[in-house]
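Worksheet: one structure, shown below.
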Amino acid sequence: MEIFRVTGGAPLVGEVAVSGAKNSVLKLMAVALLAQGRTTLTNVPHILDVTIMCQVLRRLGCEVTHENDAVTIDVPAVPGNEADYDLVRRMRASINVLGPLLARCGEVKVAHPGGDSIGSRGLDYHIAGLRQMGAEITSEHGFVIARAARLTGAKIWLEFPSVGATENLLTAAVLAKGTTVIDNAAREPEIVDICAMLSSMGARIHGAGSSTLEIEGVEELKPVTHRTVSDRIVAGTWAFAAAITCGDITIRHGVAEHLEVALDKLTTAGASITRDDSGFRVHMPNQPKAVDMVTLPYPGFATDMLPMAITLASVSDGYSLLTENVFDARFMFVNEMMRLGAEIRTDGHHAVVHGKSWLSGAPVTATDIRAGAGLVIAGLRAEGVTEVSDIYHIDRGYPGFAEQLASLGAKIERVSAPDPEFP
Ligand code: UD1
Numbered sequence: 128m129e130i131f132r133v134t135g136g137a138p139l140v141g142e143v144a145v146s147g148a149k150n151s152v153l154k155l156m157a158v159a160l161l162a163q164g165r166t167t168l169t170n171v172p173h174i175l176d177v178t179i180m181c182q183v184l185r186r187l188g189c190e191v192t193h194e195n196d197a198v199t200i201d202v203p204a205v206p207g208n209e210a211d212y213d214l215v216r217r218m219r220a221s222i223n224v225l226g227p228l229l230a231r232c233g234e235v236k237v238a239h240p241g242g243d244s245i246g247s248r249g250l251d252y253h254i255a256g257l258r259q260m261g262a263e264i265t266s267e268h269g270f271v272i273a274r275a276a277r278l279t280g281a282k283i284w285l286e287f288p289s290v291g292a293t294e295n296l297l298t299a300a301v302l303a304k305g306t307t308v309i310d311n312a313a314r315e316p317e318i319v320d321i322c323a324m325l326s327s328m329g330a331r332i333h334g335a336g337s338s339t340l341e342i343e344g345v346e347e348l349k350p351v352t353h354r355t356v357s358d359r360i361v362a363g364t365w366a367f368a369a370a371i372t373c374g375d376i377t378i379r380h381g382v383a384e385h386l387e388v389a390l391d392k393l394t395t396a397g398a399s400i401t402r403d404d405s406g407f408r409v410h411m412p413n414q415p416k417a418v419d420m421v422t423l424p425y426p427g428f429a430t431d432m433l434p435m436a437i438t439l440a441s442v443s444d445g446y447s448l449l450t451e452n453v454f455d456a457r458f459m460f461v462n463e464m465m466r467l468g469a470e471i472r473t474d475g476h477h478a479v480v481h482g483k484s485w486l487s488g489a490p491v492t493a494t495d496i497r498a499g500a501g502l503v504i505a506g507l508r509a510e511g512v513t514e515v516s517d518i519y520h521i522d523r524g525y526p527g528f529a530e531q532l533a534s535l536g537a538k539i540e541r542v543s544a545p546d547p548e549f550p
């Protein structure tokens, strides 16, 4: 078992570079299934989840290579059509093969992913939308089984702008007969990225980035080379890390336009933010001032940034009210923050945080990717040593996290520690 040992104190100062978005590339890899032949994705981050998605595609009969920052996927004429629980449980993005495989193969069997550590994560919008497009869907022995000789275009209205449902419906609709309209669609930059790749493959999509997507189905798509959009959550993590540690970080390849609400909150907290063509810089000269934050679908404040928001509030001057509207169990992270001395009270999906200048180092456990990053950064603003365990979560989403932190002046080391259950 490996842990991060963090010694608090130093502000983070310097420059980091952000690579492609985890939440985009995994979905783009599933999009590749829509066309026979070789698709290449560039600006791919070096994270564990990409390795797992490569395995998912190999099990579906694709030849996959991952070298430097590129993944090449050679899709056979008839790909496999089953994603088992073992894969879906390891990485939820595996369910993104549902739409493309149904469109390509006419039948698909994907294990139901169930919930995870950030909350319950349903599939009902995915299923309802595919049924509207003519799919027959059953649930058997933990699998969702979908069949449709050819899907037909439909008018679909999503109850909530779900990212996953928008992706699965969009990637099913591109090869359907006729036109599909998805209303109340998700507007995240990662959805725009998928639309850009699909369009260059020959799909006809209007309204990318708006809440109405109109998709005219085509007979066939062709493989392409596509560059993955920059990771706004990683860029946002660095922006908050600068504010939390009273530091000064220049975030190269960070797209400030994808983080407007988050950067506005940092400005209210006292940071100065400057933008140029290659990224943006966040400088926090003094202890941050408390600000209220509410998570919402894009372009609102991202739920993935909630741990960073809680950490910021915990070291700010005053009281902050934080509200989580997307995932019901995100506040699990609060218990770990309280071990670091944070003063937080939660009630339902609200948390009131009483900030203080410094936290107090302690052993804590990463419960998911973003919570893990939040705890490491909290440790940098804590007196003494913080040991963060279960750091494999962090490896799933942050390429070279410890190395990048060290380059900014953080005292952090990755060390082997005995597993407490098998000392
Ligand atoms: C979500 C985030 C996305 C983030 C990703 C990774 C939102 C809106 N989505 O996407 O920004 O990058 O996690 O952490 O912020 N739901 C249902 N039934 C469904 C589908 C979804 O009830 O069929 C619910 C979920 O339980 C959740 C909400 O809708 O409460 C949003 O889900 P969704 O956007 O689909 O989640 P992800 O695609 O994982």
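Numbering (our numbering), first residue to last: 128 to 550. Built from N, CA and C at the ideal position, the CB exists for glycine as well.
(request) Assuming Gly506 contacts Thr513 (C-beta within less than 8 angstroms), just tell me the rounded distance between them. (result) Here residue 506 is taken as the residue at index 379 of the sequence shown, counted from 1. Here residue 513 is taken as the residue at index 386 of the sequence shown, counted from 1. Rounded to whole angstroms, the Cβ separation of Gly506 and Thr513 is 3 angstroms, and the two are in contact under 8 angstroms.
(request) Could you check the C-alpha separation between Ala276 and Gly334 for me, to the nearest Å? (result) Along the sequence shown, read from residue 1 onward, the residue named residue 276 stands at position 149. Along the sequence shown, read from residue 1 onward, the residue named residue 334 stands at position 207. Rounded to the nearest angstrom, the two C-alpha atoms are 27 angstroms apart.
(message) Could you check if Thr298 belongs to the surroundings of the ligand UD1, using beta carbon to heavy atom distance under 8 angstroms?
(response) Taking the sequence shown and counting its residues from 1, the one referred to as residue 298 is at position 171. Flag unset: Cβ of Thr298 not near the ligand UD1.
(request) Give every residue of the same chain whose Cβ lies closer than 7 angstroms to the Cβ of Ala370, excluding the five residues on either side of it in the sequence, and list them in chain order. (result) The residue labelled residue 370 in the question sits at position 243 within the sequence shown. For Ala370, where only same-chain residues beyond five positions count, the Cβ hits under 7 angstroms are Leu393, Ala396, Ala398, Val409, Met411, Pro415, Leu439.
(request) Determine the DSSP secondary structure at Phe407, reduced to helix, strand or coil. (result) The residue given as residue 407 occupies position 280 in the sequence shown. It is a strand residue.
(request) Check each candidate in Glu315, Met156, Asp310, Thr169 and name the one with the smallest Cα separation from Glu190. (result) By 1-based counting over the sequence shown, the position of residue 190 is 63. Of the candidates Glu315, Met156, Asp310, Thr169, the one whose C-alpha sits nearest the C-alpha of Glu190 is Met156.
(message) Taking 9 angstroms as the threshold (C-beta atoms), are Ser221 and Ile283 in contact?
(response) Indexing the sequence shown from 1 puts residue 283 at position 156. Indexing the sequence shown from 1 puts residue 221 at position 94. No; because the gap between Cβ atoms is not below 9 angstroms, this pair is not in contact.
(message) Given this structure, state the Cα-to-Cα distance separating Asp196 from Asp474, to the nearest angstrom.
(response) As a working mapping, residue 196 is identified with position 69 in the sequence shown. As a working mapping, residue 474 is identified with position 347 in the sequence shown. Between Asp196 and Asp474, the C-alpha separation is close to 43 angstroms.
(request) Would you check whether the ligand UD1 has a heavy atom nearer than 8 angstroms to the C-beta of Ser289? (result) Translated into positions along the sequence shown, residue 289 becomes position 162. Yes, the ligand UD1 has a heavy atom inside 8 angstroms of this Cβ.
(request) Could you tell me which uninterrupted beta strand (DSSP E) segments, each at least 3 residues in length, are contained entirely in the region 316 to 372, listed from first to last along the chain? (result) 331 to 333, 339 to 343, 352 to 354
(request) Look up Met465 in the DSSP assignment and say whether it is helix, strand or coil. (result) Here residue 465 refers to the residue found at position 338 when the sequence shown is read from its first residue. In the structure shown, Met465 sits in a helix (DSSP, three-state: H, G or I).
(request) For Pro138, name the three-state secondary structure that DSSP assigns. (result) As a first step, residue 138 must be located in the sequence shown, where it is residue number 11. In this structure, Pro138 counts as coil in the three-state DSSP scheme.
(message) Taking only three categories from DSSP, how would you classify Met420?
(response) Numbered from 1 along the sequence shown, position 293 holds the residue referred to as residue 420. Per DSSP, reduced to three states, the secondary structure at Met420 is strand.
(request) Please state whether DSSP places Leu439 in a helix, a strand or coil. (result) Position 312 of the sequence shown, counted from the start, is the residue given in the question as residue 439. Helix at Leu439.
(message) Whether or not the region 357 to 370 and the region 137 to 146 are in contact is what I'm after, with contact meaning three or more pairs of Cβ atoms, one per stretch, closer than 8 angstroms; do they touch?
(response) yes
(message) Taking the beta carbon of Arg556 as the centre, do at least 16 other beta carbons fall within 10 Å, making it buried, or is it exposed?
(response) In the structure as shown, the chain begins at 128 and stops at 550. Residue 556 is therefore absent and cannot be evaluated.
(request) For Pro545, name the three-state secondary structure that DSSP assigns. (result) Working through the sequence shown from its first residue, we reach residue 545 at position 418. Coil.
(request) Would you check whether the ligand UD1 has a heavy atom nearer than 8 angstroms to the C-beta of Ile518? (result) Taking the first residue of the sequence shown as 1, we reach residue 518 at position 391. Incorrect: Ile518 has no Cβ contact closer than 8 angstroms to the ligand UD1.
(message) Would Gly344 and Ala292 qualify as a contact pair, given that the criterion is a beta-carbon distance under 9 angstroms?
(response) Here residue 344 refers to the residue found at position 217 of the sequence shown. Here residue 292 refers to the residue found at position 165 of the sequence shown. Cβ distance not < 9 angstroms, so Gly344 and Ala292 don't count as in contact.
(message) Using the three-state DSSP reduction, which class does Ser266 fall into: helix, strand or coil?
(response) By one-based count along the sequence shown, residue 266 stands at place 139. Three-state DSSP puts Ser266 in a strand.
(message) Quick check: what's the CA-CA separation for Gln163 versus Phe428?
(response) Here residue 163 refers to the residue found at position 36 when the sequence shown is read from its first residue. Here residue 428 refers to the residue found at position 301 when the sequence shown is read from its first residue. Roughly 38 angstroms between the two C-alpha positions.
(request) Check whether the region 128 to 138 touches the region 308 to 322, taking contact to mean three or more Cβ pairs, one atom from each stretch, closer than 8 angstroms. (result) Fewer than three pairs of CB atoms, one per stretch, sit closer than 8 angstroms, so the region 128 to 138 makes no contact with the region 308 to 322.
(request) Note the first and the last residue of the continuous beta strand (DSSP E) segment covering Asp201. (result) Within the sequence shown, residue 201 is the residue found at index 74, counting from 1. 197 to 202 is the extent of the beta strand (DSSP E) around Asp201.
(request) Would you mind sorting Phe407 into buried or exposed? The rule is 16 or more other CB atoms within 10 Å of its CB. (result) Numbered from its first residue, the sequence shown carries residue 407 at position 280. By the 10 Å Cβ count, Phe407 comes out buried.
(message) Let me confirm a value: Tyr519 is counted as buried when at least 16 other C-beta atoms fall within 10 Å, else exposed. Which label applies?
(response) For this step, residue 519 is matched to residue 392 along the sequence shown. Classification of Tyr519: exposed, given that the 10 Å Cβ count is below 16.
(request) Express the C-alpha separation of Ala299 and Val271 in angstroms, rounding to a whole number. (result) For the purposes of this step, residue 271 is identified with residue 144 of the sequence shown, where counting begins at 1. For the purposes of this step, residue 299 is identified with residue 172 of the sequence shown, where counting begins at 1. If you take the alpha carbons of Val271 and Ala299, they lie about 15 angstroms apart.
(message) Closer than 8 angstroms to a non-hydrogen atom of the ligand UD1 - does that hold for the CB of Pro424?
(response) Position 297 of the sequence shown holds residue 424. Checking the Cβ of Pro424 against the ligand UD1 gives yes.
(request) Please classify Glu470: does DSSP put it in a helix, a strand, or coil? (result) Residue mapping note: residue 470 aligns to position 343 of the sequence shown, counting from 1. Assignment of Glu470 by DSSP, reduced to helix, strand and coil, places it in the strand class.
(message) On the criterion of 16 or more Cβ atoms from any shown chain inside 10 Å, does Asn295 qualify as buried, or is it exposed?
(response) Against the sequence shown, residue 295 aligns to sequence position 168. Buried, because 16 or more other Cβ atoms sit within 10 Å of the Cβ of Asn295.
(message) Do Ala469 and Ala479 count as a contact pair if the criterion is CB distance below 9 angstroms?
(response) Stepping through the sequence shown from its first residue, residue 479 is reached at position 352. Stepping through the sequence shown from its first residue, residue 469 is reached at position 342. Correcting the residue identity first, residue 479 is Val in this sequence and not Ala. No, the pair does not count as a contact, with Cβ atoms beyond the cut-off.
(request) Look at the Cβ atom of Ala323, then the Cβ atom of Ile342, and state whether they are nearer than 9 angstroms. (result) Here residue 323 refers to the residue found at position 196 of the sequence shown. Here residue 342 refers to the residue found at position 215 of the sequence shown. Cβ atoms of Ala323 and Ile342: not closer than 9 angstroms.
(request) Starting from the N-terminal side, write out each stretch of the alpha helix (DSSP H) that is 4 residues or longer and does not extend beyond the region 475 to 530. (result) 496 to 507, 519 to 522
(message) For Lys149, report the span of its alpha helix (DSSP H) as first-last.
(response) The count along the sequence shown starts at 1 and reaches residue 149 at position 22. Where Lys149 is concerned, the enclosing alpha helix (DSSP H) stretches over 149 to 158.
(message) Taking 9 angstroms as the threshold (C-beta atoms), are Pro138 and Thr372 in contact?
(response) Stepping through the sequence shown from its first residue, residue 372 is reached at position 245. Stepping through the sequence shown from its first residue, residue 138 is reached at position 11. Cβ distance < 9 angstroms, so Thr372 and Pro138 count as in contact.
(request) Return yes when at least one heavy atom of the ligand UD1 lies under 8 angstroms from the C-beta of Phe454, else no. (result) In the sequence shown, residue 454 corresponds to position 327, counting from 1. Phe454 Cβ: within cutoff of the ligand UD1.
(message) Within the continuous beta strand (DSSP E) that includes Asp310, where are the two ends?
(response) Within the sequence shown, numbered from 1, the residue matching residue 310 stands at position 183. From DSSP, the beta strand (DSSP E) with Asp310 extends over 306 to 310.
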